[in-house]
Amino acid sequence: MLQDLDVGRMENEFRNIAAAGEDTVLCFREGQVLICREQDDTLRLPSLSQLSGRKTGAALRYLFRLQGENFFLWTGAAPESPVDGFAYEPVRQLRQLRSKEVCFGVMTGWHLHNWYRVNRFCGSCGMPTEHDTKERMLRCPNCGNTVFPRISPAVIVAVTDGDRLLLSKYAGRAYTRYALLAGYTEIGETIEQTVHREVMEEVGLRVKNLRYYNSQPWGVDGNVLMGFFCDVDGSDAIHIDETELSMADWYPRDALPAHDDGISLTREMIRVFEEGREPG
Ligand SMILES: [Zn+2]
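First residue of the sequence shown? That's 1101 in my numbering, and the numbers climb one at a time after it.
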């Protein structure tokens, strides 16, 4: 999956440090990130020194350390492209397996960027917030309101019926390939209740025997995804919610139309089922 790094790890604890020349800088602008696409299609992010001279009124905010490299967020007006071979590309489309560490850094930085962006002012009294010096937290100096990073829990659900797996496609979204069922956890419900509710809402099926599989941070939507396998309980007749899905159907284990992409939890779960290794 995207977050499974070949080398090193994501060190996401906050540090109150300044940027140096070789540190990586994430510059976001209208859903896009400044990035260099090499001739072999690998991706590279700019260092601070590559952006020198463009830092007009911008401040840099430490984000995290990934595989030994410090990542900073460019705040304020984004630098204009082109910057020596760099161009702005949509964050949502960065899913290259060959550069998955870069994609994971961009996606996680995007999640933090959005959190900082919508919390510049206190939601309670409207005064500008200030960053804590020891942890990733924003505080209102006027009323004392504190704001911590927001992560939305969501489930990925593989509904099985013996050697059959339920696959679906989203309605009205850019992602048009096969997917498992998915949905956000709502306030007041358990993760397991989310699974039951989402499956019933999207395809009209009852399920039982929920087995937790694995999880995945998915910063492009601000989520942490939790993957479950479960069995259909009773009727296998599918009734889709056409506002959510364009199709849903049962597919046999030995003829699944989707395969692992090395990036998403959804695709890994499809492969695990294909290989008969789903938790029993
Ligand atoms: Zn306040």
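Even glycine gets a Cβ: it sits at the ideal position worked out from N, Cα and C.
Put simply, of Gln1103, Ala1258, Thr1366 and Val1307 the residue whose alpha carbon is nearest the alpha carbon of glutamine 1167 is Gln1103. In terms of Cβ geometry, valine 1257 and glutamate 1301 do not form a close pair [threshold 8 angstroms]. A distance of 8 angstroms or more separates the beta carbons of proline 1179 and glutamine 1132. With a threshold of 16 other beta carbon atoms within 10 Å, cysteine 1243 falls short and is exposed. Between phenylalanine 1328 and valine 1295, the gap from beta carbon to beta carbon is short of 8 angstroms. Under the three-pair Cβ rule at 8 angstroms, the segment 1214-1233 does not count as touching the segment 1183-1203.
Arginine 1137 carries a strand assignment under DSSP once its states are collapsed to helix, strand and coil. Partner residues in the beta bridge of histidine 1231, as assigned by DSSP, are Leu1238.
If only complete runs of 3 or more residues are kept, the segment 1247-1286 shows the beta strand (DSSP E) at 1252-1261, 1264-1270 and 1281-1284, in order along the chain. Its chain contains Leu1266, Phe1329, Cys1330, Asp1331, Val1332, Phe1373 and Glu1378 as the residues whose beta carbon lies nearer than 8 angstroms to that of threonine 1260, once the 5 sequence neighbours on both sides are disregarded; these appear in chain order. Rounded to the nearest whole angstrom, the CA to CA distance from leucine 1238 to leucine 1281 is 35 angstroms. Around phenylalanine 1248, the same chain offers Met1237 as residues with beta carbons nearer than 7 angstroms, after the five sequence neighbours per side are excluded.
The way I'd put it, the segment 1303-1312 does touch the segment 1333-1353; three or more beta-carbon pairs between them come closer than 8 angstroms. Under the three-state reduction of DSSP, threonine 1343 is assigned to coil, being neither helix nor strand. With contacts defined as CB atoms closer than 8 angstroms, threonine 1208 and glutamate 1169 fail to qualify as a contacting pair.
Put simply, the backbone Cα of isoleucine 1117 is about 7 angstroms away from that of tyrosine 1162. Just so you know, the alpha carbons of aspartate 1354 and isoleucine 1370 end up roughly 11 angstroms apart. DSSP, reduced to helix, strand and coil, places methionine 1101 outside both helices and strands of the structure shown, so it counts as coil.
For ligand 1, no non-hydrogen atom lies closer than 7 angstroms to the CB of asparagine 1219.
Aspartate 1354 carries a helical assignment under DSSP once its states are collapsed to helix, strand and coil. Assignment of beta-bridge partners to arginine 1367 by DSSP yields no partner.
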